[in-house]
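**Student:**
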Amino acid sequence: MAELVVVGGGIGGLSTALSVARRGHRVVVLERGEFAEFGAGIQLAANGIHALDRLGIDVRASAVHVDELRFMDGVTGNHVASVPLTGEYERRFRNPYLVVHRGDLYRLLLAACRGSAEIALRANTYVTGYEQDGATASAVLDTGERVSGDALVGADGIRSSIRRQLVGDGPPRISGITVYRAIVPMADVPPSLRWPAVTWWAGPGCHFVHYPIAGGEFLNLAASDDNGATEAIAGVDVPASLVLARLSGLAATPRRLLELGRDWKSWVLVDRPPVANWTDRRVTLLGDAAHPMLHYAAQGACQALEDAVLLGELLDCAAAELGQRFEKYNAARRERTARIQRISLESIKLWHPAGAAAAARNAALAAMSTADFHDELAWMHGVREFGAAA
Ligand SMILES: Cc1cc2nc3c(=O)[nH]c(=O)nc-3n(C[C@H](O)[C@H](O)[C@H](O)COP(=O)(O)OP(=O)(O)OC[C@H]3O[C@@H](n4cnc5c(N)ncnc54)[C@H](O)[C@@H]3O)c2cc1C
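Numbering-wise, the numbering used here comes out as the position in the sequence shown, counting from 1, plus 953.
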């Protein structure tokens, strides 16, 4: 049995603690704030649900089971194509595609961690870096204290202190895209627009996505604006009038939904290019700290969950072997996660063009059958072994 230090108590950190504790190791999770997750909805494709099942976490009770991914032309308001997510999707990928409130998912992970005798949770603990020798790895706190174990996992997100020291690739890349997010009570949504779908409205230089969350009680709104933002902000209030002005090119139906939004918050999206190595002997990275991606493939949390499951599976070893197992984990995960990082960035080209390019996109999507869409998604949503190459 070994002792692991996990830095960061987000979805990645808590799922790692669970996965590693299931192997019989002891874990301490160090979180700079409180153990809490705010924010809005999160989509969990079949691979994310499979990972959660492997961790013993069942989100189905609070999740919304969406019927399809629905692509709409945001300018004409016309339906372009749909990817069915029930029936054949579930049979083929052996799990549903669900949307949940982040808080609901987080509470389940947190309760499972609190219920484990192997896991200690330390809030308000800010980690500035790490140290290691041949036998131990330590988190260095801003107070100067060291929290030591046999190995350390940095799950401290896109601005990871552990990554700063381990990879040293500077601040994240600013995408120039701002996303505005709000949650609307479903009771306020006209009944004819309460679609059980993840819906995309593609407009020039912007797109707007919405889907039901919290058992269908709320509609989650997320609008992306290619506004060339140069400063990385997160969760900053933004007036509804600005959101509507920025998405004024959209048709009446999407605008009607946007007009329901109150208390909009904005994020400037950031990511990093993939790196091959995120392991330094007894220290490794996980989730957004290892492979941060734009959210357009809706896979960041799913990939953090997959990382956690695979890492836990590989740690059926004595403390002396942890470094080697970290190398294996890194090697197994690099290709798949890098591919999703690249696809997430590329997808902006699909959702934001105007004119002839938008018409060509619509024609290409409309020509695809359900089987074509599912074939396209199979490597990402259908994977059962998270170390499998992409
Ligand atoms: C708008 C948007 C929509 C998204 N939608 C989806 C989706 O639909 N599906 C999906 O799968 N993914 C989605 N994602 C991605 C997903 O949210 C992230 O990939 C996921 O939350 C990453 O989890 P993490 O634990 O690796 O990092 P984080 O959630 O960032 O957690 C890191 C934790 O570490 C803590 N921390 C940071 N620094 C320190 C420090 N120095 N010391 C101690 N603690 C520290 C933080 O407080 C935090 O709790 C979306 C992302 C965005 C921005």
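Think of the CB as a built atom: it goes at the ideal place given N, C-alpha and C, for glycine as much as any other residue.
Is the beta carbon of SER1128 within less than 7 Å of some heavy atom of ligand 2?
**Tutor:** Ligand 2 is absent from the structure shown, which contains only ligand 1.
**Student:** Which of the three DSSP states is assigned to MET1139 in this structure?
**Tutor:** Counting from 1 along the sequence shown, the entry for residue 1139 is found at position 186. Helix, per DSSP.
**Student:** Run through DSSP, which three-state label would GLY1102 get?
**Tutor:** One-based indexing of the sequence shown puts residue 1102 at position 149. Of the three classes helix, strand and coil, the one that applies to GLY1102 here is strand, per DSSP.
**Student:** Would you call the segment 1005 to 1018 and the segment 1070 to 1089 in contact, with 3 or more CB pairs under 8 Å?
**Tutor:** Output reads no: the segment 1070 to 1089 does not touch the segment 1005 to 1018.
**Student:** Can you give me the Cβ contacts of GLY1121 inside the same chain, cut-off strictly under 6 Å, excluding the 5 residues immediately before and after it?
**Tutor:** If you number the sequence shown from 1, residue 1121 lands on position 168. Within the same chain, GLY1121 has no close Cβ partners at all.
**Student:** Taking the alpha carbon of ILE995 as the point to measure from, which residue in GLY1009, MET1333, CYS1255 and ALA1205 has its own alpha carbon closest?
**Tutor:** What you label residue 995 is simply residue 42 of the sequence shown in a count that begins at 1. Ranking GLY1009, MET1333, CYS1255 and ALA1205 by Cα distance to ILE995 puts CYS1255 first.
**Student:** CB-CB under 7 Å to ALA1193, same chain, minus the five flanking residues each way: which ones, in chain order?
**Tutor:** The sequence position of residue 1193 within the sequence shown is 240, counting from 1. Taken in chain order, the residues that qualify are GLY1214, ARG1215 and TRP1217.
**Student:** Quick one: residues in its chain with C-beta nearer than 8 Å to the C-beta of ALA1342, no 5 flanking neighbours on either side, listed in chain order?
**Tutor:** Within the sequence shown, the letter at position 389 stands for residue 1342. Interpretation of ALA1342 is limited by its pLDDT of 49, a score under 50 that renders its predicted location unreliable; the figure taken from the coordinates is listed afterwards. For ALA1342, where only same-chain residues beyond five positions count, the Cβ hits under 8 Å are GLU1288 and ARG1289.
**Student:** Thinking C-beta only, is GLY1009 closer than 8 Å to ALA1108?
**Tutor:** Taking the sequence shown and counting its residues from 1, one reaches residue 1108 at position 155. Taking the sequence shown and counting its residues from 1, one reaches residue 1009 at position 56. Going by C-beta atoms, ALA1108 is not nearer than 8 Å to GLY1009.
**Student:** So, helix, strand or coil for HIS1003, using DSSP?
**Tutor:** Indexing the sequence shown from 1 puts residue 1003 at position 50. In the structure shown, HIS1003 sits in a helix (DSSP, three-state: H, G or I).
**Student:** In this structure, what does DSSP give as the bridge partners for ALA1175?
**Tutor:** Along the sequence shown, one-based indexing puts residue 1175 at 222. ARG1134 and VAL1162, per the DSSP bridge assignment.
**Student:** What are the boundary residues of the alpha helix (DSSP H) that THR1081 is part of?
**Tutor:** Start at 1 with the first residue of the sequence shown, and residue 1081 comes out as number 128. Premise fails: THR1081 lies in the beta strand (DSSP E), 1080 to 1085, not in any alpha helix (DSSP H).
**Student:** Would you mind sorting PRO1245 into buried or exposed? The rule is 16 or more other CB atoms within 10 Å of its CB.
**Tutor:** Within the sequence shown, numbered from 1, the residue matching residue 1245 stands at position 292. Buried is the call here.
**Student:** Please determine, among VAL973, TYR1050 and ALA1284, the residue with the shortest C-alpha to C-alpha distance to PRO1227.
**Tutor:** Residue mapping note: residue 1227 aligns to position 274 of the sequence shown, counting from 1. Out of VAL973, TYR1050 and ALA1284, ALA1284 has the C-alpha closest to the C-alpha of PRO1227.
**Student:** In the DSSP assignment, what residue or residues form a beta bridge with ALA1034?
**Tutor:** Translated into the one-based positions of the sequence shown, residue 1034 becomes position 81. ALA1034 pairs with PHE1024.
**Student:** Excluding the 5 residues preceding and the 5 following ALA1155 in the sequence, name in chain order all residues of the same chain whose CB lies nearer than 6 Å to its CB.
**Tutor:** Translated into positions along the sequence shown, residue 1155 becomes position 202. Cβ neighbours of ALA1155 beyond the five flanking positions: GLY1027 and TRP1304.
**Student:** Does the distance from the CB of LEU1146 to the CB of LEU1210 come in under 8 Å?
**Tutor:** Sequence index remark: in the sequence shown, residue 1146 carries index 193 (1-based). Sequence index remark: in the sequence shown, residue 1210 carries index 257 (1-based). Against a cut-off of 8 Å, the Cβ pair of LEU1210 and LEU1146 comes out as a contact.
**Student:** Could you give the distance in angstroms between the alpha-carbon of ARG935 and the alpha-carbon of ASN1180?
**Tutor:** The chain is shown only over 954 to 1343; residue 935 falls outside these bounds and no answer can be derived.
**Student:** Between the alpha carbons of ASP1224 and GLY992, how many angstroms are there, rounded?
**Tutor:** Indexing the sequence shown from 1 puts residue 1224 at position 271. Indexing the sequence shown from 1 puts residue 992 at position 39. In a straight line, the C-alpha of ASP1224 is about 18 Å away from that of GLY992.
**Student:** State yes or no: is the C-beta of VAL1080 nearer than 7 Å to some heavy atom of ligand 1?
**Tutor:** By one-based count along the sequence shown, residue 1080 stands at place 127. At least one heavy atom of ligand 1 is nearer than 7 Å to the Cβ of VAL1080, so yes.
**Student:** Find the nearest neighbour of ALA1307 within the set TYR1164, THR1029, ALA1140 and CYS1270, judged by alpha-carbon distance.
**Tutor:** On the sequence shown, position 354 is the one that residue 1307 refers to. The residue with the shortest Cα to Cα distance from ALA1307 is THR1029.
**Student:** Is the closest heavy atom of ligand 1 to the C-beta of ARG1023 under 7 Å?
**Tutor:** Stepping through the sequence shown from its first residue, residue 1023 is reached at position 70. Not under cutoff, so the answer is no.
**Student:** Locate the alpha helix (DSSP H) running through GLU1299, then write down its first and last residues.
**Tutor:** By 1-based counting over the sequence shown, the position of residue 1299 is 346. Residues 1275 to 1299.
**Student:** If I'm right that VAL1262 touches PHE1339 with Cβ under 8 Å, what's the distance once you round it to whole angstroms?
**Tutor:** As a position in the sequence shown, residue 1262 is number 309, starting the count at 1. As a position in the sequence shown, residue 1339 is number 386, starting the count at 1. VAL1262 to PHE1339, Cβ: 6 Å. Contact.
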